[in-house]
Amino acid sequence: MGTDSVNLAIVHDWLNQMGGAEDVLEALVEMFPGAPIYTSIYWREGMPPEYRAWDVRTTWMDRLPGIYRHHQPYLPLYPLAFSQIDLSGYQVVLSNKSGFCHGVRTDGAVHICYCLTPTRYVWNFDAYAAREAIPAPLKAALRPLVALLRRWDYRAAQRVDHFIAISREVQA
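Residue numbers (my numbering): 19 to 190.
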């Protein structure tokens, strides 16, 4: 199935590092060649050269200082950036999510979210803070923000029409 039969957009959290999410994105691009990819940031020099042939469309976050190498300090801004992407005119929106991209507003399009993982640093903050060695005072200061991001994440998930989870653990 290609994009000839349906007007489809792909949404991906960020393109500044390689990982499993990018492997899935490559498969989606192969399935839907020519579909535009909406993402928060795109570090062209840090990603595979073949990505340069894709129609990648970024948000205003792409212009923030240092974001390609250090995107974590900007985590509170991602919900706003994704909510501002204009997806009017698409019949189907396919989000490839490990972070915040499922929060796009689809303007009546069917929204299918391929959920790689719940947003770990939001739903499992203590483990994330321990792994990242976040100092206790900063961890305490971040808790109210994490609570807000959890509420946003839950509300964003309610707007998705269909979820596809990569495992039973993610499904739960």
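Quick reminder that beta carbons are idealized off the backbone N, C-alpha and C, glycines included.
- request: Leaving aside the five residues before and after residue 134 along the sequence, list all residues of the same chain whose C-beta is less than 8 Å from its C-beta, in chain order.
  value: 38, 39, 42, 114, 115, 116, 184 and 188
- prompt: What do you get for residue 129, buried or exposed, if any count of 16 or more other CB atoms within 10 angstroms of its CB means buried?
  reply: buried
query: Rounded to the nearest angstrom, how far is the Cβ of residue 27 from that of residue 53, given a contact under 8 Å?
result: 6 Å
Other residues of its chain near residue 97: CB distance less than 6 Å, five sequence neighbours each side excluded: 118, 121 and 170
query: Using the beta-carbon count (16 or more within 10 Å), is residue 176 buried or exposed?
result: exposed
query: Distance, Cα to Cα, residue 158 vs residue 55?
result: 36 Å
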